[in-house]
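J.: Handing you a structure now.
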Amino acid sequence: MPRKAMRDLFIDRRVAVDPIPLASKKKGTIMYKGLLSMCGADAVYLYSGYGDNWENARFTPMTKVDDVTWSADVTVEGDKTFNFCFKDGADHWDNNSGLNWGVEIV
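Just so we're aligned, residue 0 is where the sequence shown starts under numbering that gives the first Met the number 0, counting upward by one.
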């Protein structure tokens with residue numbers, strides 16, 4: 000079966016996760032083309048953690064893919080929901096209007 004293009008994986012026109020669901024102890028890719036990138040951010044960071052309490056929270060620098068898209072590879076270390084949001088180099092946040100994003104881990 001052919002691999003889906005990342006453009007087909009955007010779950011809300013701003014965020015893509017590949018694969019869905021994420022697998023514990025495996026790598027995944029998070030792509031972002033939301034408000035921060037549309038406003039010309041010079042750096043974007045993925046902020047992520049596991050479960051309701053954001054356990055093992057960390058910042059991961061993202062790589063610029065094109066004018067509005069940023070990408071980060073992550074190794075899934077938890078077995079609870081992978082929660083995440085984004086911030087830029089000027090400390091502006093995109094947290095999905097306070098809802099953040101979350102992806103199931105299997």
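Note that CB positions come from ideal geometry on N, CA and C, so glycine has one too. None of these values were measured; they are calculated from a predicted model.
(1) Within its chain, find whatever has a CB closer than 6 Å to the CB of D11; leave out the 5 residues flanking it on each side and keep chain order.
(2) Can you grab the Cα-Cα spacing for the pair R2 / I29, in whole Å?
(3) To the nearest angstrom, report how far apart K26 and P20 are at their CA atoms.
(4) What are the boundary residues of the alpha helix (DSSP H) that L98 is part of?
(5) Kindly list the residues whose CB is nearer than 8 Å to the CB of G50, restricted to its own chain and excluding five residues on each side of it in sequence; keep chain order.
(6) I'd like to check one pair, L45 with R13: are the Cβ atoms closer than 9 Å?
(7) Rounded to whole angstroms, what's the CA-CA distance from S47 to D41? Just pull it up for me.
(8) For F85, is the classification buried or exposed, using 16 other Cβ atoms within 10 angstroms of its Cβ as the cut-off for buried?
(9) DSSP on S36, reduced to helix/strand/coil?
T.: In terms of the structure at hand:
(1) none
(2) In this prediction, R2 has a pLDDT of 48, which is less than 50 and means its spatial position is unreliable; what the coordinates show is noted afterwards. Distance between the alpha carbons of R2 and I29: 16 Å.
(3) 11 Å
(4) Where L98 is concerned, there is no enclosing alpha helix (DSSP H), given that its DSSP letter is neither H nor E.
(5) G77, K79, T80 and N82
(6) no
(7) 20 Å
(8) buried
(9) helix
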